[in-house]
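Start counting the sequence shown at 11; every next residue gets the next number (my numbering).
Here a beta-carbon is modelled for each residue, glycine too, at the ideal position from N, C-alpha and C.
In this text the structure is predicted, and so the values were computed from the model without any measurement.
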Amino acid sequence: MTPKDFVEKVSSIHKDNVFNPYWDICAKYDKPNAAQGRRETLFNLVNAASQMNVNSLWIGRDLGHKGGRRTGLALTDEVRASAVGKRWGINVPRFTYGEPVSEMTATVIWSMLSNIDENVFLWNVFPLHPYSPGNYFSNRNHNAEERRIGEEILYDLINLIGPKRVVAIGNDAETSAKRVCKNLEVVKFRHPSYGGKNIFVQQAQQLYGM
């Protein structure tokens, strides 16, 4: 599988109550070319990572409505999207109108990544934004079918970028990571939301010697 094949596979996923930022356009916030731009950014990101030594693959659960739904970047909001570009040497434009939106989880994630020099690639078990029926700007946990789809894509991504280890952020991510990453070290971090910020920070500092 090539980076182009990977992006096409992710873009082709269409499920009820799921926003695919690489195909769908948000009528309220997105610019007209947003989906195409997010596809191009994902391609450039995966392509760059496939040609570098990836130290760690950090895996979250799903894209959130304040973060990845808008940026097309896992665990990354619009305030921190430029940091992805600097880390991987790619251009990451804005795809939405209005002021950049910040997300709490992305804020904590990048507060740690800003002190880590190694190449860390960010992803999610389910790489799209699942929402509650009728509420486009909500976050819900992916279901069993979506998890199966996500784990297949995660397997493809690991083969493409070849990380040395996987960091699972939260219980859902750990369950899927251990199922998919049978030949890789899997380290679990506490998810920074719901009171887990301090533990997450301590675990990241310990693992990366900060």
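In this structure, residue 159 lies near residue 23, with their beta-carbon atoms less than 8 Å apart. Runs of the beta strand (DSSP E) spanning 3 or more residues and lying entirely within the segment 52 to 126 occur at 66 to 72, in chain order.
Counting only residues of its own chain and dropping the five nearest sequence neighbours on each side, residue 91 has a CB closer than 7 Å to the CB of 81, 83, 102. When the five nearest sequence neighbours on each side are left out, the beta carbons in the same chain lying within less than 7 Å of the beta carbon of residue 47 are those of 103, 105, in order along the chain.
A residue is called buried when at least 16 other Cβ atoms come within 10 angstroms of its Cβ; residue 186 meets this threshold and is buried.
Rounded to the nearest whole angstrom, the C-alpha separation of residue 49 and residue 37 is 18 Å. Between residue 130 and residue 124, the alpha-carbon positions lie close to 11 Å from each other.
Inter-segment contact for the segment 73 to 80 and the segment 105 to 115 is present: three or more beta-carbon pairs are separated by less than 8 Å. Rounded to the nearest whole angstrom, the CA to CA distance from residue 57 to residue 207 is 31 Å. By the neighbour-count criterion, in which 16 or more other beta carbons inside 10 Å mark a residue as buried, residue 162 falls on the exposed side.
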